[in-house]
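**Student:** Here the protein sequences come in this chain order: A and B.
For the first sequence, our numbering gives the first residue as 1, with consecutive numbering after it.
For the second sequence, our numbering gives the first residue as 230, with consecutive numbering after it.
For every residue, glycine included, the Cβ atom is placed at its ideal position computed from N, Cα and C.
A quick note: this is a predicted structure, and the numbers were derived from the prediction, not measured.
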Amino acid sequence: MPGPSAIPWLQNLNALAGGLFLLATFGMVATRQALGCLRLFIAQSACLVLSAFLLGMLDHSWDLMVVGVVDLAIKVFVNPWLLRRSLGREVYTRREITQALNVPATLLIALALALTGYFLAQPLLAVTGGADIGLNLPIGLAGLLIGTFTATVRREAVPLFLGLLATENSAFFAGLAVAPAMPLMAEVAIAFDVMILVFVVGILTRLVHERIGTTEVGALTALREEPKA
Amino acid sequence: MSLIALPLIPLAAVLLSRLPLGTRFAPAVTLLAAATAFALAVRTALRVVAARELVALAGWLSVDGLSALVWLLVTFVSLMAALYSWGYLAAHESDARRIRSYYAHFNLFVFALVLVPLMAEPAVTWIAVEFTAVFSVLLVAFDNTRGALEAAWKYIALMFMGAAIALLGFFVLFWAQAAAGGGHDSWDGLRAVAPGMPPVLVMAAFALILVGFGTKVGFAPMHTWLPDAHSQAPSPVCALLSGVKTTTVLYTLLRLVPLLPPARAAVWLQVVGLISVGVAAFLLLQVRDYKRLFAYSTVEHMGIIFVAAGLGAPGGFYTAMLQMVSHSLTKSFCFFAAGAALLAVGTREIASVRGLIRTSPVAGAALLFGALAIGGAPPFAVFLSEFSVFRAGVEQHDYLVTALLVVFITVAFFGILLHVNRMVFGRPTAPVPPAHAGTPLPPTCVLTLVLAAIPVLVFGLYQPAWLHGLLMLAASRIAPVARP
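1) Less than 6 Å between C-beta atoms, sequence neighbours within five positions excluded: which residues of the same chain meet that for A:E187?
2) From A:M57 to A:A17, what does the alpha carbon distance come to, in whole angstroms?
3) What residues in its chain sit with their C-beta under 6 Å from that of A:V217, if we drop five residues either side in the sequence?
4) If we count the other Cβ atoms within 10 Å of its Cβ and call it buried at 16 or more, is B:G593 buried or exposed?
5) Nearest by alpha-carbon distance to B:D627: which of B:Y691, B:G544, B:R587, B:L680 is it?
6) Counting contacts by CB-CB distance shorter than 7 Å, is A:M65 in contact with chain B?
7) Is the Cβ-Cβ distance between B:M432 and B:A409 less than 7 Å?
8) Return the chain-ordered ranges of every alpha helix (DSSP H) run that is complete within the stretch 440-527 of chain B and spans a minimum of 4 residues.
9) Show which residues of chain A have a CB atom less than 8 Å away from the CB atom of B:D457.
10) Would you please verify whether the beta carbon of A:E156 is less than 7 Å from any beta carbon of chain B?
11) What's the C-alpha gap between B:P709 and B:T548?
12) Using the beta-carbon count (16 or more within 10 Å), is A:P2 buried or exposed?
13) For A:I7, count neighbouring Cβ atoms within 10 angstroms of its own Cβ and tell me buried if that reaches 16, exposed if not.
14) Curious, which full-length beta strand (DSSP E) runs of at least 3 residues does the stretch 231-262 of chain B contain?
15) Do the stretch 336-345 of chain B and the stretch 360-371 of chain B meet, that is, are 3 or more Cβ pairs less than 8 Å apart?
16) Assess contact between the stretch 525-544 of chain B and the stretch 413-425 of chain B, defined as three or more Cβ pairs (one per stretch) separated by less than 8 Å. Is contact present?
17) Report the rounded CA-to-CA distance for A:L64 versus A:P180, giving the unit in angstroms.
18) My output table needs one value for B:V284: the three-state DSSP class, helix, strand or coil.
19) By a C-beta neighbour count over all protein chains shown, 10 Å radius and 16 as the cutoff for buried, is B:D324 buried or exposed?
20) Excluding five sequence neighbours on each side, which residues of the same chain lie with their C-beta closer than 6 Å to the C-beta of B:P693?
21) By Cβ distance, which residues of its chain are closer than 8 Å to A:L231, with the 5 residues on each side in sequence left out?
22) Let's see if you can read the secondary structure: which residues bound the beta strand (DSSP E) around B:D293?
23) Output the residue ranges of the alpha helix (DSSP H) runs that lie fully inside the stretch 358-430 of chain B and measure 4 residues or longer, sorted by chain position.
24) By how many angstroms is the C-alpha of B:A395 removed from the C-alpha of B:L470?
25) Express the C-alpha separation of B:F688 and B:F609 in angstroms, rounding to a whole number.
26) Short of 6 Å in beta carbon distance, which residues of its chain neighbour B:A537, apart from the five on each side in sequence? Order them along the chain.
27) Cutting at 6 Å between CB atoms, please list the residues of its own chain near B:H556, excluding the five before and the five after it.
28) Tell me, please, whether the CB atom of A:R39 is closer than 7 Å to any CB atom in chain B?
29) For B:F340, tell me which candidate among B:A434, B:A386, B:F565, B:P236 has the shortest Cα-Cα distance.
30) For B:M348, which beta-bridge partners are listed by DSSP?
31) Please list, in chain order, all residues of the same chain as B:W695 whose beta carbon is under 6 Å from its beta carbon, the five residues on each side excluded.
32) State the Cα-Cα distance for the pair A:G213 and B:V685, rounded to the nearest angstrom.
33) DSSP three-state call for A:Q33: helix, strand or coil?
34) Do B:G644 and B:L479 have their C-beta atoms within less than 7 Å of each other?
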């Protein structure tokens, strides 16, 4: 496999995309408003797309360029549009006050997770890897951990699900660098698969909203072994 | 050609069951499609026993012994579930639109399930596994009650979280393959370069996929969604979820086992498996809902299969496959029986059901049969497979693992029988609600119980030569590849 050619300004730009990606992920875990969370998710996806284009140029890989175009269409435009369309305006204007932890504690844990991601990546980077893997893998791992954490502390349906989408974005962000030669069909199909998922989750959230009158899914705790109060 | 035709059959049934041609058309089409798919799967399995592997599109679509085995299970259970759904749904639902919607989703779910074993490319397998979750979530929510929606939400959130983590694992796996010199990106291609892969990358990929797909399989401690989803869905869907959906995800995890350094693989599989068996065995004791009882038993059995695969060559891999078969067949039967009990008494609460054998002899007998069979009493299939696991453990001198397994399985056996015994034989405490008293079970449900019981009993007493051949082939696919 030919290694990526060293073009400093492209690599610097990729580092910038990675930094902004991580910043957006931090923002998603801290922000309280559903709409703000959605905007940060769009920003995170845009950074992912930018990185795909830059790595495509570095690797001279048309596949990554196509992945970038498909992700631009699906992750930056279609998925947020689907999420907006499926739910009423009311859900997005609501502030989430009942999050399990306060903002400083959340950010502190997210920071610890980012460092964990960095250290987890080190033994893998020792095996092989160019500059792009050294950048994308730790950020992807950090995003994976922070996204999972976001989903566990959120109680509102949309921010919770956005946390999961951020997790998937992070896996992809690392994947761009570690597996640039992944068959194009698989990568594109993954993007479409996630689009179907967003569509189905939209339907489900609407059902929950209609039937139970809230989208605070964290409050749904009827199913458990203990006797009902 | 028949390889490509098999997934197309349920896909065609999705479209046909949407046609507004009366409330009987959709179930009939679904049943016909399921029967055809099962016939094709049998034919494929017999051909695989002779030819080892069938390829439809090299590197993308192929079926080997392991795939053929999973296909047989998926198509058989979906045939039974289609038959069962006919009467079960007719007893619950009269709205023609909702009936059509149920069958459309049912077929879509079956389509995703048969897609998983057909895929030869790991990343595409990930997509197929993801489809099985996406296409089943609205079935979990089908009853549209608070409980069903809560279960569906937890289900999809944890499924997607698992999928996202596993996705990074698949990327790292691809990286490991590239580091070992590349080759074709397929399960076979991975096997070919496995000895050359950097161990740290393979283990990292496996760890990520184990956490991700382990959540989907329901390994403890990531099992919390499973009893919810597998108890709130309509009973035929539970049979598919617990009987074969978990199996298809487990199938993907088992595909990775040959790629790992054998000694480490053994430890990981045994530890993860034993934790699940142990946790589930004790959680079984305190359930209050009989569908959750069988759901926890699924967590237990997934653990047993993993432990068996961790015991290693040659007995371990074979018994893991045997256990997979007996669990799928028996667990789907258990949910059919639980559904019959639900139709007969209208409640899922164990404490409210007493003397079922008198109020509804068929449901009572089926529930008892299912409980004995899944608990591992002789002469049923699970007894034979669990006994083979113990024997493999002793042969491998893994005495501690075997002893723990025996203890946990015994606890689970008594847990299941304790609850079911009270339900079936206990003295009736409250009269059956008049809405349910005297309504006989729908004929298709009774027929399903009879048909689904046959393999549960037969495979405990007798193993046909073709099944043995298929199990051997399947076991050879999860055995470690030869290393220099």
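**Tutor:** Taking the geometry as given:
1) V67
2) The straight-line gap from Cα to Cα measures roughly 14 Å.
3) A157
4) buried
5) B:G544
6) A:M65 does not count as touching chain B.
7) Judged by beta-carbon spacing, B:A409 lies beyond the 7 Å limit of B:M432, meaning their Cβ atoms are not closer than that value.
8) 454-461, 464-469, 475-485, 491-513
9) L223
10) no
11) Going by the C-alpha atoms only, they are around 15 Å apart.
12) Because A:P2 carries a pLDDT of 44, less than 50, the predicted location of this residue cannot be relied on, and the following value inherits that uncertainty. With a threshold of 16 other beta carbon atoms within 10 Å, A:P2 falls short and is exposed.
13) exposed
14) DSSP runs (the beta strand (DSSP E)) wholly in the stretch 231-262 of chain B: none.
15) yes
16) no
17) 7 Å
18) strand
19) exposed
20) Cβ neighbours of B:P693 within its own chain (closer than 6 Å, five residues either side excluded): none.
21) The structure shown does not extend to residue 231 of chain A, since chain A spans only 1 to 229, so no value can be given for it.
22) 290-293
23) 366-369, 375-408, 416-422
24) 20 Å
25) Rounded to the nearest angstrom, the gap between the Cα atoms of B:F609 and B:F688 is 7 Å.
26) Same-chain partners within the cutoff: G545, T548, A549, Q552, V618.
27) H530
28) At a cut-off of 7 Å between beta carbons, A:R39 makes no contact with chain B.
29) B:P236
30) B:L290
31) V278
32) 44 Å
33) strand
34) no
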